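Chemist: Residue 1 is where the sequence shown starts when you use full-length UniProt numbering, and the numbers rise one by one after that.
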Amino acid sequence: MLTQTTALAPDGQPWQQVTLRNKSGMTVTVADWGATLLSAEVPLADGSLRRPLLGCAKLEDYARRAAFLGASVGRYANRIGHSRFPLDGGRQRHAVKRRGPPAPRRPGRV
1 MLTQTTALAP
11 DGQPWQQVTL
21 RNKSGMTVTV
31 ADWGATLLSA
41 EVPLADGSLR
51 RPLLGCAKLE
61 DYARRAAFLG
71 ASVGRYANRI
81 GHSRFPLDGG
91 RQRHAVKRRG
101 PPAPRRPGRV
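1. How big is the Cα-Cα spacing for Ala7 and Leu38?
2. In whole angstroms, what is the alpha-carbon distance linking residue 112 and Gly47?
3. Identify, in the order they occur along the chain, each residue of the same chain with its Cβ nearer than 6 Å to the Cβ of Thr36, setting aside the five sequence neighbours on each side.
4. Could you check how far apart the C-beta atoms of Thr29 and Trp15 are, in whole angstroms? I think they sit under 8 Å.
5. Look at the Cβ atom of Leu49, then the Cβ atom of Glu41, and state whether they are nearer than 8 Å.
6. Quick check: what's the CA-CA separation for Ser72 versus Arg65?
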């Protein structure tokens with residue numbers, strides 16, 4: 001189920017949420033801003049629900065928190081050398097953000 005909220009993401013657009021439910025009753029809710037995991041509910045054998053994720057009380061808090069709760073981290077964990085990469089025959093370039101030690105350019109030893 002797709003829902004749009006009145007809260008605004010950092011890009012100024014309304015947050016959108018997608019809630020997925022499987023046949024066993026597990027649900028996962030994801031926001032479209034950075035594929036942020038907002039919540040998960042897992043039904044247990046005794047009928048109770050387990051909520052295994054830490055999260056923020058309000059959507060806006062996800063963009064303000066330094067803990068990056070719910071963040072989706074891929075193979076490179078947000079570290080792409082020189083902030084550019086190939087895509088569909090072209091080259092994508094993004095702003096360089098320097099905070100802390102230099103980012104590795106590839107997975108593995110630095």
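Each residue gets a CB set at the ideal place from its N, CA and C atoms; glycine is no exception. The model shown is predicted, which means the values in this text are computed figures rather than measured ones.
Modeler: According to the data block:
1. 14 Å
2. Outside the modelled stretch of the chain, which goes from 1 to 110, sits residue 112, for which no answer is possible.
3. Excluding positions up to five away in sequence, the list reads Tyr62, Gly70.
4. Not really, about 11 Å apart at Cβ, beyond 8 Å.
5. yes
6. 15 Å
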